[in-house]
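Structure first, commentary second.
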Amino acid sequence: MRPPYKLIAILAILGATLPAIGREAFDDISWNPRPIKVGAPCLFKVDLSATPSSVKAKWQGRDLVFFPAGSRHVWYGLAGVDVEATPGTDRLELEATMPDGQVVRAVREIQVQPSTYKTERLKVPERFVQPDAETLKRIEADKEAKREAFSHQIPTPEWSGNFRAPVNSSASEGFGTRRTFNGKLASIHRGLDYHAPEGTPIRAANGGTVVLAQELFYEGNCVILDHGEQFMTLYMHLSKIQVAPGETVKQGQQIGLSGATGRATGPHLHVAVRWQGAYLDPAQLWLLPLPRLDGPDVR
Ligand SMILES: [Zn+2]
Numbered sequence: 063m064r065p066p067y068k069l070i071a072i073l074a075i076l077g078a079t080l081p082a083i084g085r086e087a088f089d090d091i092s093w094n095p096r097p098i099k100v101g102a103p104c105l106f107k108v109d110l111s112a113t114p115s116s117v118k119a120k121w122q123g124r125d126l127v128f129f130p131a132g133s134r135h136v137w138y139g140l141a142g143v144d145v146e147a148t149p150g151t152d153r154l155e156l157e158a159t160m161p162d163g164q165v166v167r168a169v170r171e172i173q174v175q176p177s178t179y180k181t182e183r184l185k186v187p188e189r190f191v192q193p194d195a196e197t198l199k200r201i202e203a204d205k206e207a208k209r210e211a212f213s214h215q216i217p218t219p220e221w222s223g224n225f226r227a228p229v230n231s232s233a234s235e236g237f238g239t240r241r242t243f244n245g246k247l248a249s250i251h252r253g254l255d256y257h258a259p260e261g262t263p264i265r266a267a268n269g270g271t272v273v274l275a276q277e278l279f280y281e282g283n284c285v286i287l288d289h290g291e292q293f294m295t296l297y298m299h300l301s302k303i304q305v306a307p308g309e310t311v312k313q314g315q316q317i318g319l320s321g322a323t324g325r326a327t328g329p330h331l332h333v334a335v336r337w338q339g340a341y342l343d344p345a346q347l348w349l350l351p352l353p354r355l356d357g358p359d360v361r
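If you're matching positions, the sequence shown starts at 63 in this note's numbering and goes up one per residue.
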C-alpha cells in the first residue's frame with residue numbers, strides 16, 4: 063500500500079506553522095526569579111497580542127491556570143519547584159485560548175538550578191520517633207485530614223500582592239535542611255522556623271480560605287490556608303487556633319497564637335508554603351514581587 067504522502071505533507075505543514083502561531087500570540091513570556099532554583103516559588107508572566115479567554119500551562123508535571131491583572135493582555139501564574147525536585151531543564155508549556163476559539167501554544171525550556179541545603183541533628187521525645195500503635199492510628203487520621211485539606215479547590219487566586227511573613231521576628235532554622243531525629247529518622251525541613259515566644263500573634267501571609275484548623279500529632283495546632291489554585295500556607299505548633307475551616311481571611315488577619323504543640327523542641331512558628339504538593343521556600347515567597355489582583359485597574 064502506498065503511504066499517504068499527501069496526509070504526511072499536510073501534517074508536516076501544520077506542525078511547522080502551529081509553533082509560529084504561538085509565537086505571534088505570545089508577545090512576551092517571562093518569569094521571576096531568574097534563575098529558578100530547586101525549592102523556589104516563581105511567577106510566570108505572559109503578554110499576549112490579543113485578549114485570551116483563558117491561559118493555562120504545564121510546569122513541573124502540574125497544571126497551572128493563569129489569570130489577568132492590570133491588563134487583559136497580561137496574565138500571571140504563581141507556581142514553584144519542589145524542595146526535593148531534580149535540577150535540570152523543565153518545559154513550561156503554555157496554551158492560550160483566544161476569543162474566536164483558536165488555541166495558541168508556546169514552549170520555553172527553563173533551567174532549574176540546584177540549591178544547597180544544610181544537615182542538622184535534633185533530639186526530640188522518643189514517642190515522636192517511634193510512635194506506639196495508638197499514636198500510629200492518630201497519625202493515619204491526621205493524614206486523612208491533611209489529604210482532604212490539600213485537595214481543596216479554589217479556581218481563582220484569593221491572594222493579592224506580595225505575601226508577607228506571618229510574624230515580625232527572625233527565622234531560626236532554614237528551609238530545606240536535611241534533619242535526623244535522635245540519629246534515626248531522616249526528614250527534610252519543608253518550611254521555615256521563626257523565633258516566636260509562646261502567645262505571639264500569627265498573621266495570614268495573604269488572603270485565603272481556611273482549609274484546616276485543628277490539632278495534629280506532629281504539626282500540633284495547625285492552620286492551613288488555601289490562597290487559590292492549591293497555593294497554600296501552613297502554620298504549625300500554635301498554642302491557640304483563632305479561625306475555623308471554611309472561613310475566609312484577609313492578609314495580616316490574626317489566625318492564632320504561637321506555641322510549642324506537636325513535635326517541637328520549644329515555642330516557635332513553623333511556616334510552610336505548598337503548591338499542588340510542592341514545598342517552596344517561604345523566605346523567597348515573601349521577597350517575590352506579585353501583582354495586585356484587586357483595585358479599579360483589574361478586569
Ligand atoms: Zn520547622
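Using N, Cα and C, we set each Cβ at its ideal position, and we do this for glycine too.
Under the DSSP definition of a beta bridge, Ala227 lacks any partner. Per the coordinates, the alpha-carbon of Ala131 lies some 10 angstroms from the alpha-carbon of Gly223. In chain order, Trp137, Tyr138, Thr218, Pro219 place their CB closer than 7 angstroms to the CB of Phe129, counting only its own chain and leaving out the 5 sequence neighbours on each side.
Counting the other CB atoms within 10 Å of its CB gives Lys180 a total below 16, which places it among the exposed residues. If you look at Asp144, you'll find it isn't in any alpha helix (DSSP H); DSSP assigns it neither H nor E.
Val191 and Gly236 have their C-alpha atoms roughly 22 angstroms apart. No heavy atom of ligand 1 is found nearer than 8 angstroms to the CB of Leu278. With respect to Asp144, Tyr341 sits close: the two C-beta atoms are nearer than 9 angstroms. For Glu196, the three-state secondary structure derived from DSSP is helix. The secondary-structure analysis by DSSP pairs Ser115 with nothing; it has no beta-bridge partner.
Cβ neighbours of Ser231 within its own chain (closer than 6 angstroms, five residues either side excluded): Tyr256, His257, Ala258. Taken from the Cβ of Met294, every heavy atom of ligand 1 lies 8 angstroms or farther away.
Counting along the chain, the unbroken beta strand (DSSP E) around Pro130 starts and ends at 129-131. Listed in chain order, the beta strand (DSSP E) runs fully inside the stretch 153-222 are 165-175, 181-184, counting runs of at least 3 residues. In chain order, Glu220, Trp221, Asn268, Gly270 place their CB closer than 6 angstroms to the CB of His289, counting only its own chain and leaving out the 5 sequence neighbours on each side. Checking the 8 angstroms criterion, the Cβ of His330 is within range of a heavy atom belonging to ligand 1.
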